[in-house]
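If you read the sequence shown in this note's numbering, its first letter stands for residue -4, the second for the next number, and so on. Note that the Cβ used here is the ideal one computed from N, Cα and C, for glycine as well.
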Amino acid sequence: MLRHKLKIKTLLFILVLSNCNTNSRVFAQIGITELNTNQGSNKTFSYNIKSTIGTQTSAEAVGNIQASTEAIIKLRPGSIITNKFGDESGNASATFVATPNGGNVDLKGITGENIFEFDNGTIFKSSLNTNTALESAPLNRGSASSFAVQDTSVNVQSGFNTFSNTFEQTF
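This is the structure we're talking about:
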């Protein structure tokens, strides 16, 4: 019986070998894949405070009206334009609230001090005169103005970016 089993196993082995085709070879390779992923985020916040003082003049004349404007500002020494971020204790905050159409910001701790003292030579002058050398119109009219303009503006920008980098290498 033992011989009979040995004969059957030998016969099966020979059959398997005889059915193998030498032109059909099977190759195998073990591969390793390395995958690196980096993720992060970046928050940005910036602000800009700008204070200016200047002059503005405007004139419009129709017909034989002649307009003249002049504006000159001379500031006395000691005039102050100061802006700072942070209250007396150095605290400041910006709270952003998103809305469906944009957003709002609530700023605390931004202060500005603008003390302008005009010195001698400061002039704001506007005049309208009839000039008979000019041709008259059915309606003669004019306007002229000159004035000082002081403007303080605060520009705040906030952003949030996320990123993901993936690198895959097989060897």
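For residue i, does the three-state DSSP call read helix, strand or coil?
i: Leu129; result: coil
i: Thr32; result: strand
i: Glu112; result: coil
i: Gly154; result: strand
i: Leu134; result: coil
i: Gly49; result: strand
i: Ile27; result: coil
i: Thr117; result: coil
i: Asn160; result: strand
i: Asn59; result: coil
By a C-beta neighbour count over all protein chains shown, 10 Å radius and 16 as the cutoff for buried, is residue i buried or exposed?
i: Ala132; result: exposed
i: Ile167; result: In the structure displayed, the chain extends from -4 to 166; residue 167 sits before or after that span and is not available.
i: Ala139; result: buried
i: Ser153; result: exposed
i: Ser141; result: buried
Below 9 Å between beta carbons: does that hold for residue i and residue j?
i: Phe155; j: Lys38; result: yes
i: Gly107; j: Ile67; result: no
i: Gln174; j: Asn150; result: Since the first and last residues shown for the chain are -4 and 166, residue 174 lies out of range.
i: Leu102; j: Ser88; result: yes
i: Gly97; j: Asn86; result: no
i: Glu112; j: Ser74; result: yes
i: Ser121; j: Ala54; result: yes
i: Asn126; j: Ile76; result: no
Whole angstroms is fine: what's the gap from residue i's alpha carbon to residue j's?
i: Thr32; j: Thr157; result: 14 Å
i: Ser63; j: Phe119; result: 11 Å
i: Phe162; j: Ser36; result: 18 Å
i: Asn135; j: Ala128; result: 14 Å
i: Gln145; j: Ser46; result: 7 Å
i: Leu123; j: Gly49; result: 23 Å
i: Glu83; j: Phe91; result: 23 Å
i: Ala143; j: Ser41; result: 30 Å
i: Gly94; j: Gln51; result: Correcting the residue type first, residue 94 is Thr in the shown sequence and not Gly. Approximately 37 Å between the Cα atoms of the pair.
i: Val100; j: Thr28; result: 48 Å
i: Pro72; j: Glu65; result: 23 Å
Any chance you could list the beta strand (DSSP E) runs of at least 3 consecutive residues sitting entirely within the segment 62 to 114, in chain order? Here the runs fully enclosed are 75 to 80, 88 to 94, 97 to 103 and 105 to 110.
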